[in-house]
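J.: Here the sequence shown stands for residues 1 to 288, numbered as in UniProt numbering.
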Amino acid sequence: MQKMKIGLIQMGLKASTDLEPAAIRDAMNEAHLPLIQQAADAGVQVLCFQEVFNQPYFCPSQDPKWYAAAERVPEGPTCQLMQKLAAEHRMVMIVPIYEETVTGVYYNTAAVFDADGSYLGKYHKTHIPQVAGFWEKFYFKPGKSEWPVFDTAYGKIGVYICYDRHFPEGWRALALNGAEVIFNPSATVAGLSQYLWELEQPASAAANGCFIAAINRVGTEAPWNIGEFYGSTYIVNPRGQIEAQASDKDDELLIHEIDLAMVREVRNNWQFFRDRRPDAYARLTDGE
1 MQKMKIGLIQ MGLKASTDLE PAAIRDAMNE AHLPLIQQAA DAGVQVLCFQ EVFNQPYFCP
61 SQDPKWYAAA ERVPEGPTCQ LMQKLAAEHR MVMIVPIYEE TVTGVYYNTA AVFDADGSYL
121 GKYHKTHIPQ VAGFWEKFYF KPGKSEWPVF DTAYGKIGVY ICYDRHFPEG WRALALNGAE
181 VIFNPSATVA GLSQYLWELE QPASAAANGC FIAAINRVGT EAPWNIGEFY GSTYIVNPRG
241 QIEAQASDKD DELLIHEIDL AMVREVRNNW QFFRDRRPDA YARLTDGE
């Protein structure tokens, strides 16, 4: 199959952060259901949500309350719901949630379900920031996922999460492992990094000859109010050209069909994988 119809959902928070995490989870899951149905009706084959899609971006705080937002993968309620919907709609679903693996150990995770509802595996966010407004090390253990690529019913996909996008090594590892499309669910606000939003990922798509789907939430979230999540979800092709993009303010389902044949075409024209020199790159992995 050469074509893949992708759906990406960006959404603002639908419940007060004064509520308990379980109540927020239920409200956000419910808010996504109409857009999931809309995606199914439009023939979307692969659907992805934003980073920790059914909770606020709670990392401006260091509050143990939010540990209760973590769920087991794939046994937790959100994964069970999305697994059922994946099978019902014959749709691959990428579900970025807060995960508890054992008591007290938490990851920023994306679970992947195939079009028959089978659980293919998960990716743990690798790079964890710890700066003002983004105290993620309080909540997330760094992942060691070995750059998994999921061979779905519709194509080979990888996942990279938010802050990961600033590190070119992971894009390359996923592409070398066979990813044709890499999804980057994010939660990023206007300010320091916004100009990079349409710079880094198109450059990484061109450097690795793959499609990249970048998802960002919208709106502001009290009580932290660290800035406005500016949406602008998009899909960029292996030439580094943005083919489709959502608004910067609204809840939106972005739907776009891509041509996977472009991956082979671009990689044959730009022989970056042939000409790379891993023998000369020891400095990149020597631990300094």
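Glycine residues also receive a C-beta, built at the ideal position from the N, C-alpha and C atoms. As the structure is a computational prediction, the values presented were derived from the model and not from experiment.
(1) Within a Cβ cutoff of 7 Å, which residues of the same chain sit near Y110, ignoring the five residues on either side of it in sequence?
(2) Would you kindly check if the distance between the Cβ of G240 and the Cβ of A179 is under 8 Å?
(3) Tell me where the beta strand (DSSP E) around residue 308 begins and ends.
(4) Kindly provide the ranges of any alpha helix (DSSP H) runs that are 4 or more residues long and lie completely inside the segment 130–199, ordered along the chain.
(5) Measure the Cβ-Cβ separation of N216 and Q38 and say whether it is below 8 Å.
(6) Taking the C-alpha atoms as reference points, what is the distance between C48 and I36?
(7) Specify the secondary structure class of C79 as computed by DSSP and reduced to three states.
(8) If contacts are defined as beta-carbon pairs under 8 Å, then T126 and P142 qualify, I think. What distance do you get, rounded to the angstrom?
(9) Contact between the segment 270–284 and the segment 189–204: three or more CB pairs below 8 Å?
(10) Could you give the distance in angstroms between the alpha-carbon of D251 and the alpha-carbon of G219?
(11) Evaluate the contact criterion for the segment 228–245 versus the segment 193–202: three or more CB pairs, one atom per stretch, below 8 Å.
(12) Candidates R267, L253, R277: which alpha carbon is nearest P34's?
(13) I need the boundaries of the beta strand (DSSP E) containing I242, first residue and last residue.
(14) Excluding the five sequence neighbours on either side, which residues of its own chain have a C-beta within less than 6 Å of the C-beta of I258, listed in chain order?
(15) How close, in whole Å, do the beta carbons of M91 and V131 come, if the pair is a contact with beta carbons under 8 Å?
(16) In the DSSP assignment, what residue or residues form a beta bridge with residue 315?
(17) By DSSP's criteria, C48 is part of a beta bridge. Which residues make up the other side?
(18) DSSP state of N54, grouped into three classes?
(19) Whole angstroms are fine: how far does the CA of E20 sit from the CA of P223?
(20) Can you give the Cα-Cα distance for W135 and I128, rounded to whole angstroms?
(21) Provide the residue span of the beta strand (DSSP E) that contains L120, from first to last.
(22) May I ask which residues mark the beginning and end of the beta strand (DSSP E) holding I215?
(23) Can you look up Y106 in the DSSP assignment and give me helix, strand or coil?
(24) I need the straight-line Cα distance from I24 to T103, nearest angstrom please.
(25) Per DSSP, what kind of secondary structure is L254 in: helix, strand or coil?
(26) What's the C-alpha gap between F150 and W270?
(27) Decide if V105 is buried, meaning its Cβ has at least 16 other Cβ atoms within 10 Å, or exposed.
(28) Can you name the start and end residues of the beta strand (DSSP E) that I235 belongs to?
(29) Comparing alpha-carbon positions, which option in G133, Y154, I242 lies nearest T188?
T.: Looking at the coordinates:
(1) Checking the displayed sequence, the identity of residue 110 turns out to be Ala instead of Tyr. Closer than 7 Å at Cβ, skipping near neighbours: I94, V95, P96, K122, Y123, V159, I161, P185.
(2) no
(3) Past the boundaries of the shown model lies residue 308; the chain is included only from 1 to 288, so the question cannot be answered.
(4) 168–176, 194–197
(5) If you check the CB distance, N216 and Q38 do not come in under 8 Å.
(6) 10 Å
(7) helix
(8) 6 Å
(9) With a cut-off of 8 Å, the segment 189–204 and the segment 270–284 do not count as touching, because too few Cβ pairs lie within range.
(10) 9 Å
(11) yes
(12) Comparing Cα-Cα distances from P34 to each of R267, L253, R277, the minimum goes to L253.
(13) 242–245
(14) So the list reads M4, F211, once near-sequence residues are dropped.
(15) Not confirmed; about 36 Å, so no contact.
(16) The structure shown has nothing for residue 315, since the chain only spans 1 to 288.
(17) Within the DSSP bridge table, the entry for C48 names L8, I94 as partners.
(18) coil
(19) 14 Å
(20) 9 Å
(21) 119–124
(22) 211–216
(23) It is a strand residue.
(24) Linking I24 to T103 through their CA atoms gives a straight-line distance of about 21 Å.
(25) strand
(26) 25 Å
(27) exposed
(28) 234–236
(29) G133
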